[in-house]
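Its first residue numbered 278, the sequence shown is counted upward by one per residue in the numbering used here.
These notes are about the structure you will find just below.
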Amino acid sequence: MDKRLFRSLDFDLKDASTVVIPDYSGENRFGWADIHSGELLRKSEHIPVSDQKLLKESAPAVAQGWNSFIAFSPDKKILVSVTQFGDRLDIYDMQSQKHIGKLGEDGEPQFKVSSEGYGLPAGRICYYDVQVTDQYIYTIYDGRKFKDIMKLADAYQQGGKILRISTHEGDVVKTYVLDRPIAGIYVDEAAGMLFGLDVNADEQIVKFPLELE
């Protein structure tokens, strides 16, 4: 793996030879690499943080605060990213180069820059996963504040209970509140079923019926 692709915590395949990875240097939003050699091919987009001065001064810390999960649509025409520590969803059209950014009620990622230059989360744990289908964008969301999570101690259960279903333009069309938190999702639209990863249980694969019409 190219040394310029450090702290690679998520990825998705663009095609049989190219992988896209969040750019944790903060120079750009995404890095594109050869899947076989790991060589960095190019970088694209920029982190849409409101404080552009902070981005210039502490780019790696901002990139850590804006840690994101990413997913392509099946036809690879759109790339979607959601932030782990903020209520931010971004949609990138690979053909038209159009960018749609959606900022939710919990706001953009909140973090503090440490004396060592790290971005330390200071607000909420937000998105856990994203899946894009031909029809919708599915995300699993938590939204709890870190200070409230700390009070739970051993009773804390990892994951989010809020399933948001959005259009490819980022408009939420339906929201489900699940009976347990899950940390990963897979939606089978044909079967009308959501499969979730419950990391807090012994039986970790759980499923929920969905009404999509």
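The C-beta atom is built at its ideal place from N, Cα and C for all residues, glycine as well.
Task: Cβ shell of alanine 340 (< 6 Å), same chain only, five flanking positions each side left out - done: Tyr301 and Gly303
Task: Span of the beta strand (DSSP E), counted from its first residue to its last, around alanine 338 - done: Where alanine 338 is concerned, there is no enclosing beta strand (DSSP E), although the alpha helix (DSSP H) it sits in stretches over 336-342.
Task: alanine 430, DSSP secondary structure in three states - done: helix
Open item on the list: Between which two residues does the beta strand (DSSP E) holding alanine 293 run?
Closed with: No beta strand (DSSP E) contains alanine 293, which DSSP labels as neither H nor E.
Task: Segment contact, 8 Å Cβ cut-off, at least three pairs: the stretch 435-451 with the stretch 367-377 - done: yes
- [ ] Starting from glutamine 456, trace the beta strand (DSSP E) both ways and give me its first and last residue.
- [x] Here residue 456 turns out to be aspartate, not glutamine, going by the sequence shown. Counting along the chain, the beta strand (DSSP E) containing aspartate 456 begins and ends at 449-459.
TODO: May I ask you to report which of helix, strand or coil DSSP gives glutamine 412?
DONE: coil
Task: When Ala336, Asp292, Ser345 and Val296 are compared against aspartate 352, the one with the closest alpha-carbon - done: Asp292
Task: Pairwise C-alpha distance: aspartate 479 and glutamate 385 - done: 34 Å
Open item on the list: By the three-class DSSP mapping on this structure, what secondary structure does leucine 331 have?
Closed with: helix
Open item on the list: Distance check for lysine 424 and aspartate 289, CA to CA, integer angstroms please.
Closed with: 32 Å
Task: Contact between the stretch 389-397 and the stretch 370-379 (3+ Cβ pairs under 8 Å) - done: no
Open item on the list: To the nearest angstrom, how far is the alpha carbon of isoleucine 298 from that of isoleucine 462?
Closed with: 19 Å
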